[in-house]
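Written below as C-alpha cells is the structure these notes are about.
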Amino acid sequence: MPETPPRPDFDSADPDGAPTSLGRRVRTDYDRTVTDLYVTDHLALIQDWAVGHGMRHKAQAAYGQNLEPVRSFRELVRCGGRAEVESLNSGDRAPINMDHPNWRFALDWQRSCVAGAHQGGAARVSTELGAQMDKCYDFSLADYRHMLDKEWAVGVTKPFVHGFAAQDPEAPWPTRGRFGTIVSESWNHRHFPQWPHWKGLTDYWARGTAVLETGTPRADVAVYRDGFLTTAARGNAEADATAPDRLIDAEPLERAGYNVQLLDPVGLAEAGAVGLEAGRVVLFPEGPAYRALVLNAALQGGAIPLDAARALARAAAEGLPIVLVGRPPTGDAGWGGADADAAVREAIASALAGPRVKRVDGWAEVPGALAALGVRPRVAWNGPVLLTQVRDAAEGRYVLVYNPAAQAVALPLEIEGAGRVEVLDLDAGEITRVGAEVAGGRTRVEACLEPLGLVMLRIVSAGEGAVAAAATAGSGDTVDEVGARAVAGAVIGTGAVGGAADAYGVDAAALRGGSAATARVSAGGEEFVLTDWSLTVLSEEPAGPRTIVLPGQGPGDWRDIAALRDVSGTGLYRARVEVGSGGDAGRAVLAGAVLTLGELGGSAVVRVGDRVFGPVLRDAAAIAIGGALSAAVAAGQEPIIEIEVRTTLRNATLAADAYMAGPWAVEHPSVPHGLLGPVHLR
C-alpha cells in the first residue's frame, strides 16, 4: 500500500516539487470526484445488481484507498447495502492493548466507517474479525472475544470470523488454510483443541449482537474530517507500526464520557443534516443525533470546502454547539474553477458569530468548552478512557461500557435518562436489576470494570418517552436499593465502588489500585486449601493424540514441564478441597467460596459434580463455585474441582515445523499453555 495517494500528472508544483496551492485545490476536487464515482458507479451499481439476484451488497467500503470513508459508508447503507469493517485493515491486533502502536489508529479508522453507516441509518455494522499476520495457530477464543469487545464499543454489532475453511479428507495437519500459515486462522473441529468452547463464545456474541442491533445508535460529538483512510495491514508488526498514530485527538473527550464519531464535508452540507432531537439542535437527528461539532482546521491544512463552510454557518445560526480548535479555516479547500477564499472567510466569520460557538487553543480544552455550551454526554464519567455504544429503543436506553486499559477502574457512571437499571449478562443470558440513584433526569450507577472489562446496561423508562423527557426534566431524587451484580469483567450496581463488590470476589479498593488479580485474590475470607492435584493432557500432534498423565502436577506453564514442553492440547486438572469437619457451619462458609484461576494459557471450563462453569476466556476470572461444592459435600461426595484448559496449537505446530516462509519476516514464538495460576479458593 503506497504511503501517499496516487497523483495524476495534472498536479501543479513549485520548482522544488512541492504542490502549489492551486495543485492542492485541484487535487481536492479530483478526490471528491473519485468518491462521487465510487458511490454511484460502484457501490450503488453493485447493490442494484445484487437486488436483481435476491441479495444485498456487503462491502468494506473505501478499504484504505484514496476514497472518503465516512461518505462511502453512508451512501452504501442508503442504497441498501450492508456495512462491514475489518480488524486487520484497521489495525486491531491481539492481544488487545492500548499501548499497541496501532490501537488508536484502529479506533479512529473504525469510528470513520461506523459513523458513515450510522448516518446512513444502519442497524448493523459487521466486522471481519481476527485476521493477523503473526498469530496463525495462536489466535485464541479469548483473543476473538477481547477484539470484538473493543469493536463493539466503537459501534460494530456483528462478527464474521476470518478464516473458517472446509477441510478435505487429504488436508494436512492441522488444517488447510486459505492463506497458508501467513494469516490466522483456518479452524476445524478435528485438530483445534478450543473448538468445543466456541459455543459459549458464539452465545455471548449472539446476545450482544441482538442487543446492539436494537433501536437507534447515538453519539455525542462529531469531529469534522476530510481525508482518506490508509491501511494498517502492512505486513509484520514492524511494518504495521508505520501506520498513522491516530486521525484525531479524541482522548480528552473520551475521558469525560463523550462518544465521538467523524463527519465529512459532504455530510455536513447535506440538506436536513441539522434538526431537532428531544428538543436539541443536533446533526443527523434520525441517527446518531450529534449534539456538537468539533472542527480543527489544522488537520485539514487550514482550509474547508465552500459548501461545508456555508453549512457550518447555517448550523451555527440554528444553534448547533460548535467548537473550533486552533485557528479557524482561512480558505477554500477546493477550486471548482474560481478562487472562493473570500467567501469561505465570510462564512467562517458568520459561524463564529453563532450563539453557541466557541474557540479553544487545543483538544484538551474541548470538553470544558462543550460543558460551557451545555453539551453533556449521554453517559458521563471523569478520569479514565472508557468507550461506549449507546442505542435508544422504545423500551429504554441500551448502554455498553468498555474499559480498554490494562488497569481496572471503579467509578460512578451518570447515564442520561430516568428509570431502573438492568444488567444484561451476555454470558449467562440473564437480565438483573441493580441498584442506582436517579437525580435531575440522570441515573447514577456504580461500576467496577476490570482491564478489558465490558458491561451491557439497559435503562428502562418509567413510561413511554421517559428517557428523552428525563434528559430535560428536573425530577426529584430517588434511590434504588436493589444492590449489585457481577458479570465477567465487571461489577455493577449499588456498592460496586465499595464493600459490596467483595461479595463477588472483587476488592474494589484493589481495583482502584489497578490490579485485577490482586483484587480477586484479596477479596473474601480464609482461603481453602487445594490438594491432591493431578493433570491429564490429551495432546494434539501430527501422529495423532497422546494421553499424558502427570500425578501431583498443579498449575504452571507447560513449557516449564519436561513432558509438555512442545505439547498443545487439552489439559484436565483435578484438585480436592480440604473442607475440615465444620458440619453445617463449614458447608455454609464453603457455599460462599469463589475460585480465581489466575493466568490462563488457553480457554477453560470448571466442573464441580454435574455443574459446569464457563467457558472462561479472561485471566483472573472469579467463579462462584461454592454452592456446587457445598451441595457435593452435603450429598456425601468428595469436593473435587476439575479445570479443563484447552490451548491453541502454537507450541505443537512449532515443534512440527508447520510454518511456511512468508513474503515478510514473521516471528512465531512459543506461548504460555495451560493453567498458569495462581489458583485460589476463598
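Mind the numbering: the sequence shown is residues 1 to 682 in full-length UniProt numbering, read in order.
Ideal placement from N, C-alpha and C gives every residue a C-beta, glycine not left out.
It should be emphasised that the depicted structure is a prediction, and the values quoted were computed from it without experimental measurement.
Runs of the beta strand (DSSP E) lying entirely within the segment 76–124 and spanning at least 3 residues, in chain order: 82–86. Under the DSSP definition of a beta bridge, Cys448 partners with Ala410, Val491. Judged by DSSP secondary structure, Arg650 falls within the alpha helix (DSSP H) whose first and last residues are 650–655. Checking the DSSP bridge columns, you'll see Leu600 partnered with Leu675. Here His668 is near Tyr659, since their CB atoms are less than 8 Å apart.
When DSSP states are grouped into helix, strand and coil, Gly235 belongs to the coil group. Between Gly302 and Arg327, the gap from beta carbon to beta carbon is short of 8 Å.
Judged by their CB atoms, Ser539 and Gly569 are nearer to each other than the 8 Å cut-off. Here DSSP, grouped into helix, strand and coil, assigns Gln389 to strand. Only buried fits Pro288, as 16 or more other CB atoms lie within 10 angstroms of its CB. Annotation for Arg565: Arg559 place their beta carbon closer than 6 Å to its own, counting only its chain and skipping 5 residues before and after. Less than 8 Å divides the Cβ of Asp240 from the Cβ of Gly91.
Judged by DSSP secondary structure, Ser184 falls outside any beta strand (DSSP E); it is assigned neither H nor E.
In the assembly as shown, Gln132 is a buried residue. Its beta-carbon has 16 or more other beta-carbons within 10 Å. With distances taken between CA atoms, Asn66 lies nearest to Asp36 out of Cys79, Asp36, Asp532. Residue environment for Leu283: buried (at least 16 other C-beta atoms within 10 angstroms of its C-beta). Around the C-beta of Trp49, fewer than 16 other C-beta atoms lie within 10 Å, and the residue is accordingly described as exposed. A contact is defined here as three or more CB-CB pairs under 8 Å, and the segment 173–185 meets this definition with respect to the segment 134–143. Shortest Cα-Cα distance from Val344 to any of Gly354, Lys150, Gly331 involves Gly331.
Where Pro159 is concerned, the enclosing beta strand (DSSP E) starts and stops at 158–161. Contact annotation, Val605 with Pro615: C-beta distance approximately 5 Å; criterion of less than 8 Å satisfied.
When C-beta atoms of the segment 188–195 are compared with those of the segment 215–230, fewer than three pairs fall below 8 Å, so the two segments do not count as touching. Counting only residues of its own chain and dropping the five nearest sequence neighbours on each side, Thr432 has a CB closer than 8 Å to the CB of Glu422, Val423, Asp425, Arg485. Per DSSP, Ala210 has no beta-bridge partner at all. Between Ala652 and Glu527, the C-beta gap is not smaller than 8 Å, which leaves the two residues out of contact. Under the DSSP assignment, Gln47 falls outside any beta strand (DSSP E), being part of the alpha helix (DSSP H) whose first and last residues are 44–52. Apart from sequence neighbours up to five positions away, the residues of its chain that approach Pro174 with a beta-carbon distance below 6 Å are His191, Leu649, ordered along the chain.
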